[in-house]
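Chemist: Chains as they are written, first to last, in my numbering: chain A, 20 to 383; chain B, 3 to 308.
1. Could one say the Cβ of residue 102 of chain A lies closer than 8 Å to chain B's Cβ atoms, at least one of them?
2. Using a beta-carbon distance below 8 Å, is residue 334 of chain A in contact with chain B?
3. From residue 166 of chain A to residue 187 of chain B, what does the alpha carbon distance come to, in whole angstroms?
4. Determine the DSSP secondary structure at residue 209 of chain A, reduced to helix, strand or coil.
5. When Cβ atoms are compared, which residues of the region 206-221 of chain B fall closer than 7 Å to chain A?
6. Taking beta-carbon pairs under 7 Å, can you tell me which members of the region 107-125 of chain A lie near chain B?
7. Please list the partners that residue 132 of chain A has in chain B, where partner means a Cβ-to-Cβ separation under 9 Å.
8. Could you check where the alpha helix (DSSP H) with residue 138 of chain B kicks off and where it finishes?
9. Look at the Cβ atom of residue 247 of chain A, then the Cβ atom of residue 273 of chain A, and state whether they are nearer than 8 Å.
10. Please list the segments of the alpha helix (DSSP H) lying wholly inside the region 70-113 of chain A, counting only runs of 4 or more residues, in order along the chain.
11. Can you check whether the C-beta of residue 179 of chain A is within less than 8 Å of a C-beta belonging to chain B?
12. I'd like the span of the beta strand (DSSP E) that includes residue 103 of chain B, first residue to last.
13. Going by DSSP, what residue range makes up the alpha helix (DSSP H) through residue 148 of chain A?
14. Compare the beta carbon distance of residue 249 of chain B and residue 88 of chain B with 8 Å and say whether it is the shorter of the two.
15. Kindly list, in the order they appear in chain B, the residues whose Cβ is closer than 9 Å to that of residue 128 of chain A.
16. Check residue 298 of chain B in the structure and name its three-state DSSP category.
17. Among B/286, B/253, B/43, B/209, whose alpha-carbon lies nearest the alpha-carbon of residue 139 of chain B?
18. Would you say residue 223 of chain B reaches chain A, if we count a Cβ-Cβ gap shorter than 8 Å as a contact?
19. Please list, in chain order, the residues of the region 81-94 of chain A that have any C-beta partner in chain B closer than 9 Å.
20. Using the Cα positions of residue 365 of chain A and residue 223 of chain A, report the straight-line distance between them to the nearest angstrom.
21. If I measure Cβ to Cβ from residue 307 of chain B and keep anything under 6 Å in the same chain, skipping five residues before and after, which residues do I get?
22. Rounded to whole angstroms, what's the CA-CA distance from residue 304 of chain B to residue 196 of chain B? Just pull it up for me.
23. Contact between the region 137-148 of chain A and the region 205-215 of chain A: three or more CB pairs below 8 Å?
24. On the premise that residue 55 of chain B lies in contact with residue 273 of chain B, defined as a C-beta separation below 8 Å, what is that separation, rounded to the nearest angstrom?
25. Mind checking the region 353-377 of chain A against chain B and listing, in chain order, the residues whose C-beta falls within less than 9 Å of any C-beta there?
26. Can you tell me which of the three DSSP states residue 121 of chain B falls into?
27. Tell me which same chain residues have a C-beta within less than 7 Å of the C-beta of residue 52 of chain A, skipping the five on either side of it?
28. Measuring alpha carbon to alpha carbon, tell me which residue in A/229, A/119, A/185, A/211 is nearest residue 198 of chain A.
29. Taking all protein chains shown into account, decide if residue 217 of chain B is buried (16 or more other Cβ within 10 angstroms of its Cβ) or exposed.
30. Going by DSSP, what residues sit across from residue 132 of chain A in a beta bridge?
31. What does residue 79 of chain A touch in chain B if you count any residue whose Cβ is under 7 Å from its own?
32. Within 10 angstroms of its Cβ, does residue 294 of chain B collect 16 or more other Cβ (buried), or is it exposed?
33. Is it true that the region 161-171 of chain B meets the region 213-230 of chain B, where meeting means three or more beta-carbon pairs spaced less than 8 Å apart?
34. Return the first residue and the last residue of the alpha helix (DSSP H) that residue 11 of chain B is part of.
35. Quick one: Cα of residue 178 of chain B to Cα of residue 266 of chain B, how far?
36. With distances taken between CB atoms, is the gap from residue 239 of chain A to residue 87 of chain A smaller than 8 Å?
What follows is the structure, given as structure tokens:
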């Protein structure tokens, strides 16, 4: 938990980054502003090419913004070279120095800062212990496994005690099981060191499980910033709703807006209550989203009606795809039990009950 | 019926035989064109010089004695052959300085080339190899044209009024060094470029990220990782530079004798083939010792990658 939730470690103010010039120029970031709090596990989430890595590289200092400011505890660091920023990076490829041992890699930053030898040795030992790599301190980086390299890269970036740690998709090269382990490990490290983490990923599950807050990015813009719960349950935007998890989009007529809620009349004629993002004034017609796990199938008449098109078994649950009478598609996720099947068959006429407080009006 | 083991063994035998057959032409060339003559040189170095060149088949260690020693014509005592030592020293010095000069020029060049976009890289590589298209003698004469008293450099300096009389560059050690550095530069650039091209520049970013300044990144990350290229380039430059003949003769005006001139003299006017042979083998030994020392020394701080 952040101790001083109001203090910002990083403030990105109106930052744009344009690559190339003339006809071929590409805006990788388009007037992006975001504040990252102290001691926060902050994730930049988005598909490849959305600008998340560019933003990270600007904070690290490998690239410089075309316009805008990047403040580190109030000081503009945008024009500083990377070696003058108290910020360290864990690279996607780890970028460990192949001509040095594990211990020398971890001590490199401290050595470059001109710390005394004894201090470096003590700090390296501490870092080795933190990432549980004591036994391999003398190995060369080519002689250790991918997961171990990952730990060394983390230790190397944490050793100089940066104000902010940047992580560029550090888990993407690991296999599934190791990735799960490292997710927990990363959370532990962040908690133990109290350093602000900025984590870049395209993996929504990773983002949801690890982050204090998430910024969802697309085409060089930040679409929504919020807690994992906000992002998942109250997506502000069609892209966010679609990118994170699975969801159902329904067209609805909107009325009675007020108090963060609105009445949405679906094509089936049923009216349900839906939440509206703060400060957003929907038009008469809008898209409403409902997560598949927030709806229930019934054999009777529900809020919506349709015909079962496909049933997909997932082990923990079953996804039932329904073709609505309105022509729209709707998926319901149903928890599996050991004893009975899902209770429906392809072609069944079914009704769908939408749970209370399950619908959200999108801002598209 | 042949067991699997037998089949595997037969395949292996066939493999070994094929390998020998395929390398036979190269081995024959090396045997007859390099090893054979070398043995002849070795044998000649222990014979007596003939009156009109050639050798007399009579054993003598005189040639080896006179590589570094001189026999006084009056009292037959031996003393250090100052002239030979000077020539050896001059040649070694020139080879070392040439290697250092090409390294100083070649390293930044290779770095520049390796950091270009992939398309332009090929163009630079192509440009670097252009000098190889021209004969060494012609290239050396081109350098001569540039640096001689009435040459381009002096004409420009005079016209601009920077100097009042032409600067004597030609027929000095500086002229030899300029010529040598020019001739051998590609041999330094290419191996360093080959190493540099394989360098993962994300490591350079990681260095910057970990508070290393540009100079520290160069010294602690780039240089150790391209060291195999630097070693290869140094060897490729040092060996021919030690025995260089054309460039020192043309640009140095033959005033200061080099090893190659000394050896040539023994086979020509000197009519002392055994001494020429002994000198040649001495040069080979110097090269071998220098290489062993260099490689061992460079390997100590050990780069084992790539």
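Beta carbons: idealized from backbone N, C-alpha and C, even for Gly. Here the structure is a predicted model, which is why all the values come from computation and not from measurement.
Modeler: On the basis of the supplied data:
1. As a working mapping, residue 102 of chain A is identified with position 83 in the first chain. Yes, contact with chain B.
2. Translated into the one-based positions of the first chain, residue 334 of chain A becomes position 315. Not closer than 8 Å to any Cβ of chain B, the Cβ of residue 334 of chain A fails to qualify, so no.
3. By 1-based counting over the first chain, the position of residue 166 of chain A is 147. By 1-based counting over the second chain, the position of residue 187 of chain B is 185. If I take the Cα positions, the gap works out to 44 Å.
4. Taking the first chain and counting its residues from 1, one reaches residue 209 of chain A at position 190. Residue state, collapsed to three classes: helix.
5. 207, 208, 210, 211, 212, 213, 214, 215, 218
6. 107, 108, 110, 112, 114, 116, 117, 118
7. Reading the first chain from its first residue, position 113 is the one you call residue 132 of chain A. In chain order: 212, 213.
8. Counted from its first residue, the second chain places residue 138 of chain B at position 136. Looking at the DSSP string, the run of the alpha helix (DSSP H) that includes residue 138 of chain B is 138-149.
9. For this step, residue 247 of chain A is matched to residue 228 along the first chain. For this step, residue 273 of chain A is matched to residue 254 along the first chain. Cβ distance not < 8 Å, so residue 247 of chain A and residue 273 of chain A don't count as in contact.
10. Secondary structure within the region 70-113 of chain A: the alpha helix (DSSP H) runs of 4 or more consecutive residues, fully enclosed, are 71-79 (chain order).
11. Locating residue 179 of chain A in the first chain gives position 160, where the first residue counts as 1. Yes - at least one Cβ of chain B is within 8 Å of the one on residue 179 of chain A.
12. The residue given as residue 103 of chain B occupies position 101 in the second chain. Not the beta strand (DSSP E): residue 103 of chain B falls in the alpha helix (DSSP H), residues 84-116.
13. By 1-based counting over the first chain, the position of residue 148 of chain A is 129. Counting along the chain, the alpha helix (DSSP H) containing residue 148 of chain A begins and ends at 136-149.
14. Locating residue 249 of chain B in the second chain gives position 247, where the first residue counts as 1. Locating residue 88 of chain B in the second chain gives position 86, where the first residue counts as 1. Taking 8 Å as the Cβ cut-off, residue 249 of chain B and residue 88 of chain B do not qualify as a contacting pair.
15. By 1-based counting over the first chain, the position of residue 128 of chain A is 109. Those are 211, 212, 213, 214, listed as they occur along chain B.
16. Numbered from its first residue, the second chain carries residue 298 of chain B at position 296. It is helical.
17. For the purposes of this step, residue 139 of chain B is identified with residue 137 of the second chain, where counting begins at 1. The candidate whose alpha carbon is nearest that of residue 139 of chain B is B/253.
18. Here residue 223 of chain B refers to the residue found at position 221 of the second chain. It does: the Cβ of residue 223 of chain B has a partner Cβ on chain A nearer than 8 Å.
19. 81
20. Position 346 of the first chain, counted from the first residue, corresponds to residue 365 of chain A. Position 204 of the first chain, counted from the first residue, corresponds to residue 223 of chain A. Approximately 31 Å, taken between the alpha carbons.
21. Numbered from its first residue, the second chain carries residue 307 of chain B at position 305. Unreliable positioning characterises residue 307 of chain B in this predicted model, as indicated by a pLDDT of 42, which lies under 50. The coordinate reading is nonetheless provided below. Here the set comprises nothing.
22. The residue you call residue 304 of chain B lines up with position 302 of the second chain. The residue you call residue 196 of chain B lines up with position 194 of the second chain. The predicted position of residue 304 of chain B is uncertain, since its pLDDT is 47 and thus under 50; a value taken from the coordinates is nonetheless stated next. Residue 304 of chain B and residue 196 of chain B: Cα-Cα distance of roughly 19 Å.
23. no
24. For the purposes of this step, residue 273 of chain B is taken as the residue at position 271 of the second chain. For the purposes of this step, residue 55 of chain B is taken as the residue at position 53 of the second chain. Right, their Cβ atoms sit about 5 Å apart.
25. Cβ contacts with chain B come from no residue of the region 353-377 of chain A.
26. As a working mapping, residue 121 of chain B is identified with position 119 in the second chain. Residue 121 of chain B falls in the helix class under three-state DSSP.
27. Indexing the first chain from 1 puts residue 52 of chain A at position 33. Hits under 7 Å: 31, 32, 33.
28. In the first chain, the residue the question calls residue 198 of chain A occupies position 179. When only C-alpha atoms are compared, the closest one is A/229.
29. Reading the second chain from its first residue, position 215 is the one you call residue 217 of chain B. Residue 217 of chain B is exposed by the Cβ-count criterion.
30. Walking along the first chain from the start, residue 132 of chain A turns up at place 113. According to DSSP, residue 132 of chain A bridges with nothing at all.
31. What you label residue 79 of chain A is simply residue 60 of the first chain in a count that begins at 1. Within chain B, the residues near residue 79 of chain A are 211.
32. Along the second chain, one-based indexing puts residue 294 of chain B at 292. So residue 294 of chain B ends up on the exposed side.
33. no
34. The residue given as residue 11 of chain B occupies position 9 in the second chain. That run of the alpha helix (DSSP H) goes 6-32.
35. As a first step, residue 178 of chain B must be located in the second chain, where it is residue number 176. As a first step, residue 266 of chain B must be located in the second chain, where it is residue number 264. Each residue's Cα considered, the two are about 18 Å apart.
36. Here residue 239 of chain A corresponds to residue number 220 of the first chain, with the count starting at 1. Here residue 87 of chain A corresponds to residue number 68 of the first chain, with the count starting at 1. No, the pair does not count as a contact, with Cβ atoms beyond the cut-off.
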